[in-house]
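Chemist: Quick note, the sequences are listed as chains A and B, same order.
Each residue of the first sequence is one higher than the last, beginning at 0 in numbering that gives the first Met the number 0.
Each residue of the second sequence is one higher than the last, beginning at 0 in numbering that gives the first Met the number 0.
Submitted below is the structure of interest, expressed as C-alpha cells.
Number of protein chains: 2
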Amino acid sequence: MKKDVIQIAKNAKEAFLKTMTLNGQTKNEALKKIAQNLEKNKNEIFKANDIDLKEAKILLEKKEINLATYNRLKLDENKLNDLIKGIYDLIKLDDPVNQIIWQKELDKDLILKKFSTPIGVIGVIFEARPDCIAQISSLIIKSGNCAILKGGSESINTNKAIYKIIQNSLNEIKNFPKNVINLIFSRDDVKKMLEIDEYIDLIIPRGSNSLVKFIKQNTKIPVLGHASGICHIFVDENCDFENTKKIIIDAKTQYPSACNAVETLLLHKNYPYKNELINSLKQNKIKIIETPENYSIEYGDKILNLKIVKNTDEAIEHINKYGSKHTDSILSSNDENIEKFMKYVDSSSVFANCSTRFSDGFRYGFGAEVGISTNKTHARGPVGLEGLTIYKYKLFGNNNIVEDYSKGKKTFKHKFI
Amino acid sequence: MKKDVIQIAKNAKEAFLKTMTLNGQTKNEALKKIAQNLEKNKNEIFKANDIDLKEAKILLEKKEINLATYNRLKLDENKLNDLIKGIYDLIKLDDPVNQIIWQKELDKDLILKKFSTPIGVIGVIFEARPDCIAQISSLIIKSGNCAILKGGSESINTNKAIYKIIQNSLNEIKNFPKNVINLIFSRDDVKKMLEIDEYIDLIIPRGSNSLVKFIKQNTKIPVLGHASGICHIFVDENCDFENTKKIIIDAKTQYPSACNAVETLLLHKNYPYKNELINSLKQNKIKIIETPENYSIEYGDKILNLKIVKNTDEAIEHINKYGSKHTDSILSSNDENIEKFMKYVDSSSVFANCSTRFSDGFRYGFGAEVGISTNKTHARGPVGLEGLTIYKYKLFGNNNIVEDYSKGKKTFKHKFI
Chain A
0 MKKDVIQIAK
10 NAKEAFLKTM
20 TLNGQTKNEA
30 LKKIAQNLEK
40 NKNEIFKAND
50 IDLKEAKILL
60 EKKEINLATY
70 NRLKLDENKL
80 NDLIKGIYDL
90 IKLDDPVNQI
100 IWQKELDKDL
110 ILKKFSTPIG
120 VIGVIFEARP
130 DCIAQISSLI
140 IKSGNCAILK
150 GGSESINTNK
160 AIYKIIQNSL
170 NEIKNFPKNV
180 INLIFSRDDV
190 KKMLEIDEYI
200 DLIIPRGSNS
210 LVKFIKQNTK
220 IPVLGHASGI
230 CHIFVDENCD
240 FENTKKIIID
250 AKTQYPSACN
260 AVETLLLHKN
270 YPYKNELINS
280 LKQNKIKIIE
290 TPENYSIEYG
300 DKILNLKIVK
310 NTDEAIEHIN
320 KYGSKHTDSI
330 LSSNDENIEK
340 FMKYVDSSSV
350 FANCSTRFSD
360 GFRYGFGAEV
370 GISTNKTHAR
380 GPVGLEGLTI
390 YKYKLFGNNN
400 IVEDYSKGKK
410 TFKHKFI
Chain B
0 MKKDVIQIAK
10 NAKEAFLKTM
20 TLNGQTKNEA
30 LKKIAQNLEK
40 NKNEIFKAND
50 IDLKEAKILL
60 EKKEINLATY
70 NRLKLDENKL
80 NDLIKGIYDL
90 IKLDDPVNQI
100 IWQKELDKDL
110 ILKKFSTPIG
120 VIGVIFEARP
130 DCIAQISSLI
140 IKSGNCAILK
150 GGSESINTNK
160 AIYKIIQNSL
170 NEIKNFPKNV
180 INLIFSRDDV
190 KKMLEIDEYI
200 DLIIPRGSNS
210 LVKFIKQNTK
220 IPVLGHASGI
230 CHIFVDENCD
240 FENTKKIIID
250 AKTQYPSACN
260 AVETLLLHKN
270 YPYKNELINS
280 LKQNKIKIIE
290 TPENYSIEYG
300 DKILNLKIVK
310 NTDEAIEHIN
320 KYGSKHTDSI
330 LSSNDENIEK
340 FMKYVDSSSV
350 FANCSTRFSD
360 GFRYGFGAEV
370 GISTNKTHAR
380 GPVGLEGLTI
390 YKYKLFGNNN
400 IVEDYSKGKK
410 TFKHKFI
C-alpha cells in the first residue's frame, strides 16, 4: 500500500522529535549496521543495479539518456567499497549535534548555552547516481535529522534495494525510531512535498540546473543547493608551464561533468606559454571557445572558455560577474595577487595553486556531502554534517525576570564562561 | 530624483564587493561617527519625530492605528540614549567577519581555511519603531553587509532624519564605500525588491504575521524571520507560588505586544496554588482563556491561555504541536523534568526558571538584533552579528591535482591545525 506524501512527512516530523536527541553511539551503531549489511548483501545490490543498467541501455540506444548518465548509473565493487568506506569515515567523526557551542553568563544566576541541533525533516531530490541514497541517508542519520528521498528514476531498482538494506539495518537497532529515512517515487510526490512547509524544513536538490530552478520557484521551504557550477581558473603572468597545464587538465578532464570542473580559463596577457598551453589542452581533447556569449555556460564537457585578462583585478571582476559563486582558483607565485584573489572573489570556495576539483565534501574531510551549495545563507560550499545542523539556545535561570534589568535593579554581565 | 529599486540593489551589490573586506577598525570608526552624530543632531531627530507623532495622533483619533503603535513611535531622550549606547556596545564586540573559523591540513602542502564572511545585500522591512533604522544599519555595517531598508510609513520623517545622519557620517569616513545603507519608501518598491534575487541575498521582515507571510509567499530570496511568537510557560507541580507569579506577570505584562511575551500557561495538575495564581493574574489585569481553539493565537495583549497538563511530557507535546518554535520556559525544581523539557522542546530558545522575555539580542549580549528567527535554517532565535554572517573556504595549494588522490598516488591527511 502506497503511503500519502503528507502522511509520510507527518510521520517523519514525529520521528524527528526522537532522532534529534539520539546519542552519538546509537547513531554510529546504526551506521555500522548499514555498512555491514551493504557488504553482506552486495550481490542483491548488483543484481538490482543490473536491471537498472539493462533498462538504461535501451534508453541510451533511443538517445533518451546520454552516455554520462548511463556511466554514472553503474554501481560496481569499487564504488560500493568506497561507499562503505565513506560510512566508516563518517562514524569516526564527532557527533555534530547536542554539543555546546558556547556558554555565557548573562548574570551570575542566568546562564545561556548555545547547543548544536539537527534541523528537522529534509527533502532530498537527487540524480541517477545509485551511491547517493546510502551517502545521504548516512549523513541524515549521523546529524540526527530525518529525510524524505526521491532518487533518479533510472536507478529505481538499485535505490529500492539499498533502501531496503537501510531500513532493515535501522530495524535491527534497539529503540531506533521508525520513519527516519523515507523514499518517494514520482514527480507528483515531489510536487506535493514542496507544498508541505508545515512538516518539511529544508529541500536539497541535487541535479540539473533546471531541476534546481524548478524547485526554487515552486516552494516556500528553504532550498539548499547550487543552480550551476561555473568555475574559473585565473593563470597569472608568472606561472610555469608544466604546473599550469597539469592543473587545468585535471580541473577540466578528470571528471568533466562534475560541478567543480573548470569552465573558463582567464589567462594573464603576459603569460609566456599561451600557445604551448592551448596546444596541450587541444591535445588532451579540450575544445577552446573564445566568444563572450558563452561565459555563463556550464559545459559539463571537455569544452573550455578562454579569455585574456590584463591583471588580477580584471580576473576578479570577471568571476564576480559571470561566476556562480562555486569554486574559483588562481595560479600564481605572486603572494599579493593570491591574497587579493582569495579576498575579493565572492565565491564559496576560492583556491590558490590547485585544481578546482578539490571542492568536495570527501576531499574537505567532511566524510561525505549532500551537495555543494552556492547559497549565501545557512551553508556554502560542500555541505557535510555541519551544514545539516542548526542550534538552539538554552537559558538556565533562578527565577529571573526582565523587569529587574529594564528598571536598572540588575545589570547584565555577558561574560563567556 | 528617485532612484529605481533595481538600480539601488545593483549599486548595493557593487558596494558589497567593497564592504565585505573592510577591516574592523574602519567599520568601528563609522559606527562611532554615527553615534556621535546622532547625539549631536538629536534635536533634529526629535523635531522629525514630532511631525510623525502629530500625524500619527490624527490616525489614532481616526482609529487607523492603535495606541500601541502610537506609543512605539515616540523617540524620546531615553530611547535615543539607549540606541547610542547600543552602538557603542556593538563597537566593543569583535569583528564577526574575515576571521578564521578553523584550518585543516588536507595534505602537507594543501591547507583549507574556513573564514567567516558577510552575506551580501540584505533587504530589511521593519515596523514603525524609529530606533530600528539606526540599530539595523549599525549591525549591517559592523557585519560588512549592505542593506536596503524600508521602514514603517508612520515613522517616515524620523527615519529620513536618522538616515541622513547615517549617510553623512559614512561620508565622513575616508574611503568608506558608497551605497552601503539604502532607504526605499513605498510598498511597490518592496514588491520590486522581492523579485531581485540576482542582487539581494536575504530578506528580513520585522513586523506583523501577515507581513511576514506575504513576503514568504512572494519571493524566491531566502527569508529570515518569525511569523509568530506563541510562547509557553510550563509550571511544574513543585513550584512555589511567589516565583511562579512573578515570572508569569513579567512574561505577560512587562511588554505584552513583544513576540517573546507568554501566550499560554501550562499548569501541572498537582500545582498546589492554582486558584491563588489565577486570582493574582486577574488582579494584574490578565484575562484568562481556557478554550483550546485559542492555543495558536498570539494575543500581543494581557490575555493568557490556561491549560492543565498531567506532566512534563504533555507540556512538551503541547508546545511542539501549538508553539511557534520561538521561546518556551519550564518553571520547576525537578532537574529531570527540566532536562527533558530543554532537550525535547523543539524551539529556538528553551528556558528554565526565568521569564520568556529574556529572549532578545540585547539580553543575550549580541549588542543588538535584527529580529528573532523561528526558521530552522541559517539563524535561529535572536539574530545579531553572527546571524548576518556566512563563511567561505580558502584552499592554499602547491600545484595539487585531484587525479593523484583518486588514483591512490597520494592520500588525504584531514588534520585540523
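Glycine residues also receive a C-beta, built at the ideal position from the N, C-alpha and C atoms.
Source: prediction; values computed, not measured.
For chain B, is any of its Cβ atoms less than 8 angstroms away from the one on MET0(A)?
Modeler: For MET0(A), the predicted structure reports a pLDDT of 46, less than 50, and the residue's modelled location is therefore unreliable. A value from the coordinates is still provided. With 8 angstroms as the cut-off, MET0(A) does not count as an interface residue toward chain B.
Chemist: Can you give the Cα-Cα distance for ARG205(B) and GLU368(B), rounded to whole angstroms?
Modeler: 11 angstroms
Chemist: Is there contact here, the segment 341-358 of chain B with the segment 391-398 of chain A, by at least three beta-carbon pairs under 8 angstroms?
Modeler: Enough Cβ pairs lie closer than 8 angstroms, so yes.
Chemist: Let me know the secondary structure DSSP gives ARG186(B) once reduced to three states.
Modeler: helix
Chemist: If you check the beta carbons only, do CYS238(B) and LEU303(B) fall under 8 angstroms apart?
Modeler: no
Chemist: Specify, as a first and last residue, the run of the alpha helix (DSSP H) that THR25(A) falls within.
Modeler: 23-39
Chemist: Output needed for MET0(B): all residues of its chain with C-beta closer than 8 angstroms, excluding positions within five of it in sequence on either side, in chain order.
Modeler: For MET0(B), the predicted structure reports a pLDDT of 46, less than 50, and the residue's modelled location is therefore unreliable. A value from the coordinates is still provided. So no residue of the chain qualifies.
Chemist: Am I right that ILE400(B) and ASP249(A) are in contact with their C-beta atoms under 8 angstroms? What's the rounded C-beta distance?
Modeler: 4 angstroms
Chemist: Do SER295(A) and ILE246(A) have their beta-carbon atoms positioned less than 8 angstroms apart in this structure?
Modeler: no
Chemist: Under the assumption that GLN102(A) contacts ILE416(A) (Cβ atoms under 8 angstroms), give the Cβ distance between them as a whole number of angstroms.
Modeler: 5 angstroms
Chemist: For the candidate residues TYR270(B), LYS284(B), ASN374(B), GLY366(B), whose alpha-carbon lies nearest to that of SER332(B)?
Modeler: TYR270(B)
Chemist: On the three-state DSSP scale, how would you describe ALA257(B)?
Modeler: Secondary structure at ALA257(B): coil, using DSSP grouped into helix, strand and coil.
Chemist: Would you mind telling me which residues of chain A sit closer than 7 angstroms to PHE411(B), beta carbon to beta carbon, in chain order?
Modeler: ARG362, GLY364
Chemist: Is the CB-CB distance between SER323(B) and SER405(B) below 8 angstroms?
Modeler: no
Chemist: The ligand GDP and ALA47(B): does the residue's C-beta get closer than 7 angstroms to at least one heavy atom of that ligand?
Modeler: The ligand GDP is absent from the structure shown, which contains no ligand whatsoever.
Chemist: Give the range of the beta strand (DSSP E) segment to which CYS145(A) is assigned.
Modeler: 145-149
Chemist: Please list the segments of the beta strand (DSSP E) lying wholly inside the segment 172-233 of chain B, counting only runs of 3 or more residues, in order along the chain.
Modeler: 180-183, 201-205
Chemist: Give a yes or no on whether 8 angstroms exceeds the smallest Cβ distance from VAL382(A) to chain B.
Modeler: Residue contact with chain B for VAL382(A): absent (no Cβ-Cβ distance below 8 angstroms to any residue of chain B).
Chemist: Which two residues bound the contiguous beta strand (DSSP E) that contains ALA417(B)?
Modeler: Here chain B covers residues 0 to 416 and nothing more, so residue 417(B) does not appear.
Chemist: Which residues, taken in chain order from the segment 31-43 of chain B, show a beta carbon closer than 9 angstroms to some beta carbon of chain A?
Modeler: none
Chemist: Against ALA351(B), what residues of chain A qualify as contacts under a CB-to-CB distance less than 8 angstroms, listed in chain order?
Modeler: LYS393, LEU394, PHE395, GLY396
Chemist: Short of 8 angstroms in beta carbon distance, which residues of its chain neighbour ASP200(B), apart from the five on each side in sequence? Order them along the chain.
Modeler: ILE118, GLY119, VAL120, ILE121, ILE220, PRO221
Chemist: Pull out every residue of the segment 99-127 of chain B whose Cβ sits closer than 7 angstroms to any Cβ of chain A, in chain order.
Modeler: Taking 7 angstroms as the cut-off between beta carbons, the residues of the segment 99-127 of chain B near chain A are LYS103, LEU105, LEU109, LEU111, ILE118, GLY119, in sequence order.
Chemist: For LEU30(A), which residues from the same chain have a beta carbon less than 7 angstroms from its beta carbon, with the 5 sequence-adjacent residues on both sides left out?
Modeler: Once the five neighbours on either side are set aside, the close Cβ partners of LEU30(A) are ILE86, LEU89, ILE90, SER137, ILE140, LYS141.
Chemist: Closer than 8 angstroms between beta carbons: that is the criterion. Which residues of the segment 197-219 of chain B meet it against chain A?
Modeler: Listed by position, the residues of the segment 197-219 of chain B near chain A (Cβ gap below 8 angstroms) are ASP200, LEU201, LYS215, GLN216, LYS219.
Chemist: Tell me the residue span of the beta strand (DSSP E) that contains LEU109(A).
Modeler: Taken as a continuous stretch (DSSP letters only), the beta strand (DSSP E) holding LEU109(A) covers 109-117.
Chemist: For ARG379(A), decide whether its Cβ has a neighbour in chain B, counting only Cβ atoms nearer than 8 angstroms.
Modeler: yes
Chemist: Under three-state DSSP, which class holds PRO129(B)?
Modeler: If DSSP states are grouped into helix, strand and coil, PRO129(B) belongs with coil.
Chemist: Among ALA133(B), GLU104(B), THR68(B), which one has its Cα closest to the Cα of THR410(B)?
Modeler: GLU104(B)
Chemist: Using the rule of at least 16 other Cβ atoms within 10 Å of the residue's Cβ for burial, across every protein chain shown, is THR290(A) buried or exposed?
Modeler: exposed
Chemist: Identify which residue in GLN35(B), ALA34(B), ALA67(B), GLU76(B) has its Cα closest to the Cα of ASP49(B).
Modeler: GLU76(B)
Chemist: Report the neighbours of LYS245(A) on chain B: residues whose CB is nearer than 8 angstroms to its CB, in chain order.
Modeler: Per Cβ cutoff of 8 angstroms: ASN398, ILE400.
Chemist: Is PHE240(B) buried or exposed, if buried means 16 or more other CB atoms sit within 10 Å of its CB?
Modeler: exposed
Chemist: Closer than 9 angstroms by beta-carbon distance: list the chain A residues that pair up with ASP345(B), in chain order.
Modeler: PHE15, LEU16, MET19, THR116, GLY119, LYS391
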